[in-house]
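As you go down the protein sequences, you meet chains A and B in turn. Anchor point for the first sequence: position 152 equals 628 in the working numbering, and the numbering is continuous, going up by one each time. Anchor point for the second sequence: position 131 equals 1346 in the working numbering, and the numbering is continuous, going up by one each time. Reviewing the structure listed below.
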Amino acid sequence: MNKDITAQLPISQKNGSAFRRVINVIGVDNLSLLFALVVLVFLVTVASGWFGFNSGDKFFTWQNLMNSLAQAIVIVGLLAVGETVVIIAGALDISVGSIASIGSVVSASVLVGAGTVGSLAFIPTNNVLIAVLAGIIAGVLAGVINGFIVTKLRVNPIIATLGTLAAFAGIAFLLAPDGKPVGVLTQPQFTWLAQGRFLTETPIPPLNGSNWTGIPVLTVILVIVAVFVHIIMSYTDFGRAIYAIGGNDIAARLAGINLTRVRVLMYMLSGGISGLAGVLLTARTTSGNPINGTGLELQAITAVFLGGAATAGGKGTIMGTFLAVILVGVLNNGMNLLGFNTFVQRVALGLLLIAAVAVSQWRQANAERARTRAER
Amino acid sequence: MTEETTTLPGTLEVRNVSKAFLNVQALEDVSLDIRPGEILAFMGENGAGKSTLLKIINGDYQPDAGSITIDGKRLSFSSPKQAHEAGIRVIYQEPEIVPGVDVPENIWVGELPKRFGLIDRRELNEKAQRRIREYGFEDVLPIHLMGDELSSAQRQLVEILRALKRGVRVLALDEPTSSLTDEEVERLFTLVRRLRDEGVAIIYVSHRINEIKRLCDRIAILRDGRLVAVEPSSKLTDADIVRLMVGRDLSDVFKRQPADTEQEALRVEDLYSHWHNGVSFHINAGEVVGFSGLVGAGRSELAKVLFGEYPKNSGRIFLKGEEVNIRRPDDAIAKGIGFAPEDRKREGLVLMRSVLENVSMAILRQISPFHFVRKGLERTIVGEFVEKLQVRTPSLEQEAGKLSGGNQQKVVLSRWLAAKPKVLILDEPTRGIDVGAKAEIYRLVDELANEGLAIMFISSELPEILGLSDRIYVMQNGRITGELSGKSATEEAVLELAMVDNLSAAKTGPAKNPEG
């Protein structure tokens, strides 16, 4: 009921209090997510600190926050940000993990000149920028293929990207020399992307006996990409078109939105971001490995639905996804700290995906009911 | 309006019922009797309080004040279930039907006959068959159909049969005919009359004056939450009803002054498509041109072909004398055509997005230099048209789906006015909206034409076609069978062109039947 009342009152965006403004930045719909995050952090803190399963592994240490947590969420976070756009448009991109694998192999082999891609170029470029761009472009091309299959061949997005999930994974192996990883250990400038830190010299006091470590470059990249996509979704005609298509593609087309163009662009965006995620995977694992991205799509899609995107499209925010990525990160991190093994974590992740979609469906049903009620 | 005569047993007495939502008084001090053996119509514009009253009777809402009694027993409905137990059933427009099960199971949902713990199919089918035959629907409602195979009419029937199986005393039907064919309407009326004769008190909610006058014994008219009249239907003329509903005279609803421009805006020559066999016509700037015909004559499809949504096989389209090639809706918009489709919810609006986004959708490119939406400009433009069309919405951020039907239509129209087209195609723009909003849309069409817009006005309602059009094209079976001037056209003339078969087809050979 309360929600209805606030929805009815025209909320002035400009002369709200500071509190109001903070709420607006987070988004009213995301408050429950923020609350869940706070509760989870509290639980993890209490469990890891007070009961001391592993006395050394407290949640609130700079080591844990900045090294484990902030880095662990980056790759999935990037994929989820791209995936958010696709899901808001009412589609799905299951192939993001495989595109990341392609991005990983392509960036590595362009950098050091090994592998099929490198041998095409004949010479190692040794240039970080070119390697990064090559990974992103490979991802964009994969997105073009997805977009073509969905729009021109009219294949259902789930089936189309399930197909390319398999196909791109294979291509990642074909691009690597004999399917083996391409090492980039010799490229410190490149691995800096994953191992670098900003603001290491800033005098920030230790936390729980752990010294300030600086902010990981990886995390900064995630934030930049998230802000970039947020701006696209909130301030551009493309973003508007994505929401409109997800809400009702027929009405959107009849209002003059070019569905084919928007959908292809959307897969290109998702692909490009996935390619970048692949580049960062290379930097992090110090090798362009065709299995680098395997299985990441599940976590990304989970985060998007957990972040409040509607399964049928038309609703969702980058901020919601971002919060959800942190939530999933804290959950994994907490379970690590508490000594749960990865199999338990996988079960938890699977259940979380189902729970997130169930909540999303329930919300949609409620919204639907509210609309039909209003009309009577 | 209260009657002090002794009330018949089984009369549902509504006394001084009020209900407010937030700061809107939905019902104010409404008192009336719903008598057994009588069909009582509820009429009123959308938002007049009909639905709220139904929902209070059904126990969906609690009244803020007042009471509802039956047989002198005061009912305090805290849920629809209690209302059901008292024999009160409200049948809403979209009955809840279980998709994956057949008709008998849908009727007895929740109380299936069991045998050894399993559903007793034989008994169930026999019971269903018997009941359906009893009411004369055996050839309309085959019991083997699954819930998702049922037409709107069949769904309504299932819902009514559900209500009847437990002895209904008060039956309310909320716009039951809005999606029925004429024949189905007749069957429904037969059933409703029969129930009345059996002593059921019937509430019938509809916008259709003709139907009401044919079917109902008394008419209750609500306006702005108050009961303004309860009269025997024979005492009220159509004009009375409209005046009571709207609170003003509507004699000037159709106040169309034909323009005398000769400047051609749209010309179509020999259009052939999947649905059309050589359609040619033209619309001048400042002209309202009506398109009449039966459902399936190809009018909506013609609109969609012109708008680039459906493909054409051959034929030429000229805008302001210049031949154009329209391949997609965005082409059509760029070339100055606007199109408000027939099915608002499915084709017109993105219901879950805001009024603002829905209106600006067709002008996104213009208001987004370098692809960044200029939000201030957007608000100004959208605000201007939302105000001009008097869209009643709490704010521009309101979800379009939460507005009433008439206001949703005005949102669609705002979008097209903002796009400043030269030709505006309106496909059934007044379908399913209340009388007041209809009048506003008529006035708007007149105004727009006077401003020089060419309007293609597709409608199945003859009065509005005749009242508003400067010229009328009548379509039948994918071709235009005649052109009439708006002034001299009569209902008979239009209907003859729309229905009398093969007059023109006989001359030109058999018409290719539309395959779709």
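C-beta atoms are modelled at their ideal positions from N, C-alpha and C, and glycine is treated no differently. Note that the structure is a prediction, hence the values are computed from the model and not measured.
query: Chain-ordered chain B contacts of Leu730 (chain A) [CB-CB under 8 angstroms]; result: Phe1522, Glu1524, Pro1544, Phe1554, Pro1556, Glu1562, Gly1563
query: Span of the alpha helix (DSSP H) around His1497 (chain B); result: Careful: His1497 (chain B) lies outside any alpha helix (DSSP H), inside the beta strand (DSSP E) at 1492-1499.
query: Where Tyr743 (chain A) meets chain B, residues with beta-carbon distance less than 9 angstroms; result: Per Cβ cutoff of 9 angstroms: no residues; Tyr743 (chain A) is ~18 angstroms from chain B at best.
query: Cutoff 8 angstroms: Ala713 (chain A) Cβ touching any chain B Cβ; result: A small correction: the amino acid at residue 713 (chain A) is Asp; Ala does not occupy that position in the sequence shown. Yes, Asp713 (chain A) lies at the interface with chain B (some Cβ there is under 8 angstroms from its Cβ).
query: Same chain, Cβ closer than 7 angstroms to Val1383 (chain B), neighbours up to 5 away in sequence not counted; result: Gly1302, Arg1304, Val1415
query: Burial state of Ile830 (chain A) (16 or more Cβ within 10 Å); result: exposed
query: C-beta atoms of Glu1390 (chain B) and Ser1421 (chain B) nearer than 8 angstroms; result: yes
query: Thr787 (chain A) versus Glu559 (chain A) - alpha carbon distance; result: 12 angstroms
query: Val550 (chain A): first and last residue of the uninterrupted beta strand (DSSP E) it sits in; result: It is not in any beta strand (DSSP E) - Val550 (chain A) instead sits in the alpha helix (DSSP H) that spans 546-564.
query: Closer than 8 angstroms to chain A by CB, Ile1434 (chain B); result: no
query: Proximal residues, the segment 653-672 of chain A versus chain B, C-beta separation under 7 angstroms; result: none
query: Ala753 (chain A) in three-state terms, based on DSSP; result: helix
query: Those residues which DSSP pairs with Gly764 (chain A) across a bridge; result: A:Val658
query: Sequence-distant residues of the same chain with beta carbon closer than 7 angstroms to Leu683 (chain A), five excluded per side; result: Phe536, Thr537, Trp538
query: Contact set between the segment 1575-1609 of chain B and chain E, restricted to residues whose Cβ is under 7 angstroms from the partner; result: Looking at the structure shown, chain E is missing, and the protein chains on hand are A and B.
query: Neighbouring residues, chain B, relative to Arg845 (chain A) (Cβ below 8 angstroms); result: The premise fails here: Arg845 (chain A) is roughly 11 angstroms from chain B at the closest Cβ pair, so nothing lies under 8 angstroms.
query: Three-way DSSP call (helix, strand, coil) for Val1457 (chain B) in this model; result: helix
query: Limits of the unbroken alpha helix (DSSP H) element including Ser574 (chain A); result: 572-588
query: Simplified DSSP assignment, three categories, for Glu1477 (chain B); result: coil
query: Cβ contact check for the segment 771-785 of chain A and the segment 501-517 of chain A: 3 or more pairs under 8 angstroms; result: yes
query: Bridge-paired residues (DSSP) for Ser1282 (chain B); result: B:Arg1230
query: Burial state of Gln663 (chain A), where buried means 16 or more other Cβ atoms lie within 10 Å; result: buried
query: Expected contact under 8 angstroms - CB spacing of Gly589 (chain A) and Ile599 (chain A) to nearest Å; result: 6 angstroms
query: CB contact below 8 angstroms: Arg1568 (chain B) versus chain A; result: yes
query: Beta-carbon contacts of Val1504 (chain B) that lie in its chain and below 8 angstroms, excluding the five residues immediately before and after; result: Phe1496, Ile1498, Ala1669, Ile1670, Met1671, Phe1672, Ser1684, Asp1685, Arg1686, Ile1687, Tyr1688
query: Beta-carbon neighbours of Ile1548 (chain B), restricted to chain A and to distances below 9 angstroms; result: Ala731, Gly732
query: Where the alpha helix (DSSP H) containing Thr627 (chain A) begins and where it ends; result: 604-627
query: Cut-off 8 angstroms between Cβ atoms - residues of its own chain near Leu1659 (chain B), not counting five sequence neighbours on either side; result: Leu1604, Leu1628
query: DSSP bridge partner residues for Leu1437 (chain B) (one or two, in chain order); result: B:Leu1442
query: When A:Glu677, A:Asp713, A:Leu669 are compared against Pro692 (chain A), the one with the closest alpha-carbon; result: A:Leu669
query: Proximity below 8 angstroms, CB of Ile1306 (chain B) to CB of Ala1435 (chain B); result: no
query: Arg716 (chain A): contacting residues in chain B (beta-carbon distance under 7 angstroms); result: Glu1572, Leu1579, Val1588
query: Among B:Glu1502, B:Leu1459, B:Gln1478, B:Val1520, the one whose alpha carbon lies nearest that of His1489 (chain B); result: B:Val1520
query: Test: Asn500 (chain A) CB closer than 8 angstroms to a CB of chain B; result: no
query: Spatial distance of Ala1633 (chain B) from Glu1599 (chain B) (CA atoms); result: 9 angstroms
query: Three-state secondary structure assigned by DSSP to Gln671 (chain A); result: helix
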